[in-house]
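Since the structure comes first, as structure tokens, the remarks are kept for the end.
Residue numbers (this note's numbering), protein chains in the order written: chain A, 53 to 348; chain B, 78 to 325.
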């Protein structure tokens, strides 16, 4: 399979705010405050599936926010890692949203969520086999062709591994990038969660990750399960200390990178997310200063 | 694999456990349970967002137990979760533990229809001023045609679910004097960005129903001495339900 060339759609057209300042998730409880105060934030990220209505408050407020900020669109329902063909009707609706919002990036997941026309509303894990890689590549090609842009694929949080996997996750993702030309959304919290759950070293994971393809980073919070033996990617807590440390390590490996503070539940005051965004900006500034200080 | 996974999520089969790495069946089950929990809890949360008044009325524990049963039998057919629950009211009507609250099914139908209205495009209907001006210039009232916007819907419930719903839009719902067993006629339409409901008299309900079938005013007038045309038109113009008024 030959990688499609989406190089013209990446990099040089990135809006400056997205590239320079950390963004946060856009949620209905923040609409009024955002529009009243216009906080200094790089961009807002939306879940595509929450903004596909023809009208109503979601559409209205998105249009208002879009007048002031760069946007990124994060899909959670295309089920790219699934065994079945993509839902073309859904892809079309997502494509129309992407055309309307013209986001800095569109991202989706290395996961599946639809089975026999039933949406399961979770990001379910994929066995890392050659057959599944072929199918995933077809789906990514299909989406990139319809959207006419490079998409970013996010590494998953997983709670178990398949006996049937023949590739490790980083190999699987590297192959995906090489075959499709897609970019990557590196979710650092997912690295922490998955590595903890499978008793691996997150630093080793990052060492093997195809960092050259990373175009965006997600940071989020996790919770522990009842037995405290598994970390759950819950997005309802502040970013944990070890995730901040891993983020800093990631920046040291790849340099500055557009970053999102992701929050999907237990919403705090917006100021708390903005404080986390400022902390990410601070760490990004340190890395930029270090790279400037290094001798040529 | 997906068949096995789907069956495992809903506890119809444990075949998937053989493909999960782990030191023991207990460990493999614990890991699988994270996904089972995620699917159920996220769908319960989605249903709670779609039917907030129902959830408030029955309490979180009862609602989640009811939602759990519903999810076992009805998975979303689309990744757009605001469309999930289209037959939740039918499910509740047949759900034995909810029989003590016979109005619950009708309330859920109302909540679902209002949410779907919220998510439709904002209608281009006549403002109150435009409708008043058009009516003031009418030469031949017998030829008047009142076109109700297609998005406007009617609902007849054997229970006062509109009043119940409206009471719960306040921070402290006041249910004093609410006769839940009284039948109710409602107009469902969009006010600004949101779906909303207005209580109607039975005569108004039949008047609007007739207008939706045939916009001719003379055809739609109900044979009811209690029907006040002026008052009804004033209400309908205020609610901005007309997309055209003309003399046909």
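The C-beta atom is built at its ideal place from N, Cα and C for all residues, glycine as well.
Going by other Cβ atoms of all chains shown within 10 Å of its Cβ, with 16 needed for buried, is residue i buried or exposed?
i	result
residue 191 of chain B	buried
residue 344 of chain A	exposed
residue 124 of chain B	buried
residue 253 of chain A	exposed
residue 74 of chain A	buried
residue 307 of chain B	exposed
residue 92 of chain A	exposed
residue 174 of chain B	exposed
residue 315 of chain B	exposed
residue 322 of chain B	buried
residue 239 of chain B	buried
residue 213 of chain B	exposed
residue 201 of chain B	exposed
residue 218 of chain B	exposed
Pull up the distance between the alpha-carbon of residue i and that of residue j, whole angstroms please.
i	j	result
residue 105 of chain A	residue 86 of chain A	21 Å
residue 214 of chain A	residue 327 of chain A	39 Å
residue 301 of chain A	residue 157 of chain B	37 Å
residue 65 of chain B	residue 176 of chain A	Absent from the model: residue 65 of chain B. The displayed extent of chain B is 78 to 325, so no value can be given.
residue 297 of chain A	residue 200 of chain A	36 Å
residue 217 of chain A	residue 106 of chain B	19 Å
residue 81 of chain B	residue 113 of chain B	13 Å
residue 4 of chain A	residue 146 of chain B	As shown, chain A starts at 53 and ends at 348. That puts residue 4 of chain A outside it, with no answer to give.
residue 62 of chain A	residue 159 of chain A	Low per-residue confidence applies at residue 62 of chain A: pLDDT is 48, beneath 50, and the placement is therefore not dependable, though the value from the model is reported in the following sentence. Roughly 13 Å separates the two Cα atoms.
residue 70 of chain A	residue 119 of chain A	14 Å
residue 78 of chain B	residue 179 of chain A	9 Å
residue 80 of chain A	residue 113 of chain A	8 Å
residue 84 of chain B	residue 109 of chain B	12 Å
residue 283 of chain A	residue 295 of chain A	12 Å
residue 185 of chain A	residue 225 of chain A	9 Å
residue 94 of chain A	residue 126 of chain A	16 Å
residue 188 of chain A	residue 251 of chain B	54 Å
residue 285 of chain B	residue 182 of chain B	24 Å
residue 202 of chain A	residue 233 of chain A	7 Å
residue 119 of chain B	residue 236 of chain A	26 Å
residue 59 of chain A	residue 249 of chain B	Because the pLDDT of residue 59 of chain A is 47, which lies under 50, any placement of that residue in the model is unreliable, and the number read from its coordinates should be weighed accordingly. Residue 59 of chain A and residue 249 of chain B: Cα-Cα distance of roughly 56 Å.
residue 83 of chain A	residue 323 of chain A	13 Å
residue 143 of chain B	residue 241 of chain B	20 Å
residue 301 of chain B	residue 274 of chain B	24 Å
residue 266 of chain A	residue 263 of chain B	54 Å
residue 93 of chain B	residue 128 of chain A	24 Å
residue 293 of chain A	residue 299 of chain A	10 Å
residue 148 of chain A	residue 281 of chain A	42 Å
DSSP beta-bridge partners for residue i?
i	result
residue 232 of chain B	B/263
residue 164 of chain A	A/176
residue 235 of chain A	A/204
residue 289 of chain B	In DSSP, residue 289 of chain B forms no bridge with anything.
residue 246 of chain B	Beta-bridge pairing links residue 246 of chain B to no other residue.
residue 76 of chain A	A/96, A/313
residue 275 of chain A	A/284
residue 122 of chain A	A/95
residue 323 of chain B	B/222
residue 277 of chain B	B/262
residue 266 of chain A	A/236
residue 158 of chain A	A/125
What in chain B is Cβ-close to residue i, meaning under 7 Å?
i	result
residue 169 of chain A	154
residue 208 of chain A	The contacting residues do not exist; residue 208 of chain A stays about 12 Å from chain B at best.
residue 104 of chain A	157
Applying a beta-carbon distance threshold of less than 7 Å, which residues of chain A neighbour residue i?
i	result
residue 115 of chain B	174
residue 215 of chain B	The premise fails here: residue 215 of chain B is roughly 31 Å from chain A at the closest Cβ pair, so nothing lies under 7 Å.
residue 144 of chain B	Result: empty, since nearest Cβ-Cβ is about 13 Å, beyond 7 Å.
Quick one: which chain B residues come within Cβ less than 9 Å of residue i?
i	result
residue 185 of chain A	Simply none; closest approach about 14 Å.
residue 282 of chain A	107, 108, 111
residue 279 of chain A	107
residue 164 of chain A	79, 82
Which chain B residues sit within Cβ distance under 8 Å of residue i?
i	result
residue 215 of chain A	95, 96, 97, 98
residue 389 of chain A	Outside the shown range of chain A (53 to 348) lies residue 389 of chain A, about which nothing can therefore be said.
residue 274 of chain A	None at all; the shortest Cβ gap to chain B is about 12 Å.
Measuring from the CB of residue i, is there a heavy atom of the ligand MN at a distance below 7 Å?
i	result
residue 210 of chain B	Ligands in the displayed structure: none, and consequently the ligand MN is not present.
Name the chain A residues whose beta carbon is nearer than 9 Å to that of residue i?
i	result
residue 197 of chain B	105, 106, 107, 108
residue 230 of chain B	Those do not exist, as residue 230 of chain B stays about 15 Å from chain A at its closest Cβ, beyond 9 Å.
residue 184 of chain B	Chain A residues near residue 184 of chain B: none, gap ~21 Å exceeds 9 Å.
At the 8 Å Cβ level, is residue i part of the contact set with chain C, yes or no?
i	result
residue 320 of chain A	No chain C appears in the structure shown, which is made up of the protein chains A and B.
Can you list the residues of chain A that residue i reaches, using a CB-CB cut of under 8 Å?
i	result
residue 119 of chain B	173, 174
* To do: Report yes or no: do three or more beta-carbon pairs, one from the stretch 107–117 of chain A and one from the stretch 192–204 of chain B, lie closer than 8 Å?
  => The way I'd put it, the stretch 107–117 of chain A does touch the stretch 192–204 of chain B; three or more beta-carbon pairs between them come closer than 8 Å.
* To do: Could you tell me whether the stretch 195–210 of chain A touches the stretch 225–243 of chain A, using the rule of 3 or more Cβ pairs below 8 Å?
  => In this structure the stretch 195–210 of chain A touches the stretch 225–243 of chain A; the number of beta carbon pairs closer than 8 Å is three or more.
* To do: Tell me, please, whether the stretch 222–229 of chain B touches the stretch 317–324 of chain B by the rule of three or more beta-carbon pairs shorter than 8 Å.
  => Judged by pairs of C-beta atoms under 8 Å, the stretch 222–229 of chain B touches the stretch 317–324 of chain B, as three or more such pairs exist.
* Asked: Between the stretch 265–277 of chain A and the stretch 308–320 of chain A, do three or more beta carbon pairs fall short of 8 Å?
  -> Yes: the two stretches touch, three or more of their Cβ pairs being nearer than 8 Å.
* Asked: Do three or more CB pairs link the stretch 228–237 of chain B to the stretch 133–147 of chain A at distances below 8 Å?
  -> By the Cβ rule, the stretch 228–237 of chain B does not count as touching the stretch 133–147 of chain A, because fewer than three pairs are nearer than 8 Å.
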